[in-house]
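Participant: A single structure is presented below for examination.
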Amino acid sequence: MGIDDIIGKAKDALKGHEDQVSDALDKGAEAIKSRTGDSTDSRIDDATDKAKDFLRSQKDPGQK
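Once you know that position 43 of the sequence shown is 637 in our numbering, the rest is easy, because the numbers rise by one and skip nothing.
Below, the structure is given as structure tokens:
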């Protein structure tokens with residue numbers, strides 16, 4: 595099993611569950627922010643937003 599196979603299986607597992615994954619990203623970000631200083635909040639939010647953008651781009655490759 596190569597990396598392409600793993601990526602394909604991950605994409606297949608996410609289909610139809612984008613909202614749940616987005617919610618999980620938000621919960622994870624809040625958990626991290628509760629354990630770090632306020633100075634890192636914006637970087638955590640940026641990373642979460644980028645992850646959500648990537649998720650959306652995989653759902654609709656034409657959207658960025």
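All residues carry an ideal CB built from backbone N, CA and C; glycine is no exception.
So, helix, strand or coil for Thr642, using DSSP?
Facilitator: Three-state result, Thr642: helix.
Participant: For Ile597 and Lys603, what's the separation of their Cα atoms in angstroms?
Facilitator: Near 10 Å, if we compare the C-alpha coordinates of Lys603 and Ile597.
Participant: So what does DSSP say about Thr630, is it helix, strand or coil?
Facilitator: Thr630 falls in the coil class under three-state DSSP.
Participant: Among Gln652, Ala645, Met595, Ser651, which one has its Cα closest to the Cα of Asp622?
Facilitator: Residue 622 is actually Gly in this sequence, not Asp. Of Gln652, Ala645, Met595, Ser651, the residue nearest in Cα terms is Ala645.
Participant: Looking at the secondary structure, which residues open and close the alpha helix (DSSP H) in which Gly596 lies?
Facilitator: Unbroken run through Gly596: none, as it is neither H nor E.
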